[in-house]
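Residue numbers (this note's numbering): 897 to 1184.
Structure follows, in C-alpha cells:
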C-alpha cells in the first residue's frame, strides 16, 4: 500500500490539483468555509486556544485560518547570542553536516547542495562543508516561518519543480525530493555567517510567501528566477532573530543551511523524529 501511495504521486496531476485546492482555500465561501475549518480542526486536533482568533467563524478564508497567528508570548525565544533558534513548529526530518556537497534525506537517499539552492555555484560555495536542518510541517502545525538568527536578505531564488508530498513516507521513497520539488530559496548574511532558508513546496500547497515579496508562487514557472538585494540603504531588508520571514498556505518543509564553520553542534533535543517549537534552541554557533 505504501508503494502504491508513492507511485501514484508520479502520475497524478500534482500542480493542477494544488492550484485547484488553492482557489478554494482563498475563496470566501461563508458557511462552507467555516464548516471545512471546523472539520479540519477535528481531523487534525488543532489547538485553537493557541491562536489569536479562537473562533473558526472569524476566518473569512481557509488560508486565513491556516496561517493564523499565535497569541503573543506563546513561543518565547531562547536567550543567548550563541544560539540558533528553531524556525517553525514541526518535526525534525534530518540534520547534520553537509558532506561532499550532499545533504542526507533518508536511508538510501540524499540530494545535492547546488541543486537545492537553485543551481548557482556562487550560492552553494559558502555552504560547502556547512550544516543543514530539514523540518517537516504537518497540517496541524503553525505555518509561519521565522528567523533562526538576525539576518540581512541578499538573494531570493524561485526554483520550479515537482510537487510531491513531503510527508515522511514520500521522503523515504522519492530520490532527491527536496531538490526536485518547487521551492523558494532565501539567502541571508548574518553576524555568524551565511544562512539559507529554503521553503519547499508540496502537493496541495496553495502558495509560498515571504514577508518582503508577498506571494512568490503561484503562478508557477518553467525557469529559475533570482533577485538580489542590497546589504545597506533604504531598500535593504533586515530581519530580527525570531521575526517572521515567510509562510506556507498548506503545509510543507523548510531546509535551513548554515555556512561552513558556523554551527558548533545541534541541541541535544534537536534530532530526527523530535518535535520542534518555534523559538527553542536549535544549535550553538561556533566560537571564533
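Each residue gets a CB set at the ideal place from its N, CA and C atoms; glycine is no exception.
This one's a predicted model, so the numbers in the text were calculated from it and none came from an experiment.
Q) What first and last residue would you give for the alpha helix (DSSP H) that runs through residue 935? A) 927-940
Q) Taking Cβ to Cβ, would you say residue 1092 is nearer than 9 Å to residue 1181? A) no
(Q) Runs of 4 residues minimum, wholly inside the region 1062-1113: which ones carry the alpha helix (DSSP H) assignment? (A) 1064-1067 and 1073-1076
Q: Check whether the Cβ atoms of residue 1120 and residue 969 sit closer than 9 Å, and answer yes or no.
A: no
Q.
Relative to the C-alpha of residue 925, which candidate in 1146, 957, 1144 and 935 has its C-alpha closest?
A. 957
**Q.** Sub-9 Å separation of residue 1055 and residue 1142 beta-carbons
**A.** no
Q.
Are the CB atoms of residue 1138 and residue 1043 within a distance shorter than 9 Å?
A. yes
Q. For residue 952, which residues from the same chain have a beta carbon less than 8 Å from its beta carbon, with the 5 sequence-adjacent residues on both sides left out?
A. 930, 933, 934, 937, 944 and 961
Q) Of all the options 984, 1000, 1159 and 1037, which has the alpha carbon lying nearest to the alpha carbon of residue 875? A) For residue 875 there is no data in the structure shown, the boundaries of the chain being 897 and 1184.
Q.
Quick check: the Cα distance between residue 1176 and residue 984, rounded to an integer number of angstroms?
A. 9 Å
Q: Check whether the Cβ atoms of residue 1067 and residue 1032 lie closer than 9 Å to each other.
A: yes
Q. Can you give, in chain order, each stretch of the alpha helix (DSSP H) that sits fully within the region 994-1042 and has at least 4 residues?
A. 1009-1012 and 1017-1020
**Q.** For residue 1161, the first and last residue of its enclosing beta strand (DSSP E)
**A.** 1159-1162
Q | Local conformation of residue 1189 per DSSP, three classes | A | Shown here, the chain extends from 897 to 1184; a query on residue 1189 therefore has no answer.
Q) So, do the region 984-1002 and the region 1164-1174 have three or more beta carbon pairs nearer to each other than 8 Å? A) yes
Q: Could you tell me which residues DSSP pairs with residue 1254 in its beta bridges?
A: Outside the displayed range of the chain (897 to 1184) lies residue 1254, so it cannot be described from this structure.
Q: Select from 1035, 1009 and 1110 the residue whose C-alpha is nearest the C-alpha of residue 1140.
A: 1110
Q) Do residue 1095 and residue 1148 come within 9 Å of each other at the CB atom, strictly closer than that value? A) yes
Q.
Once DSSP output is grouped into helix, strand and coil, what is the label at residue 1180?
A. strand
**Q.** Under the three-state DSSP convention, the category residue 1130 falls into
**A.** coil
(Q) Suppose contacts are defined by Cβ-Cβ distances below 9 Å. Is residue 1099 in contact with residue 1065 by that definition? (A) no
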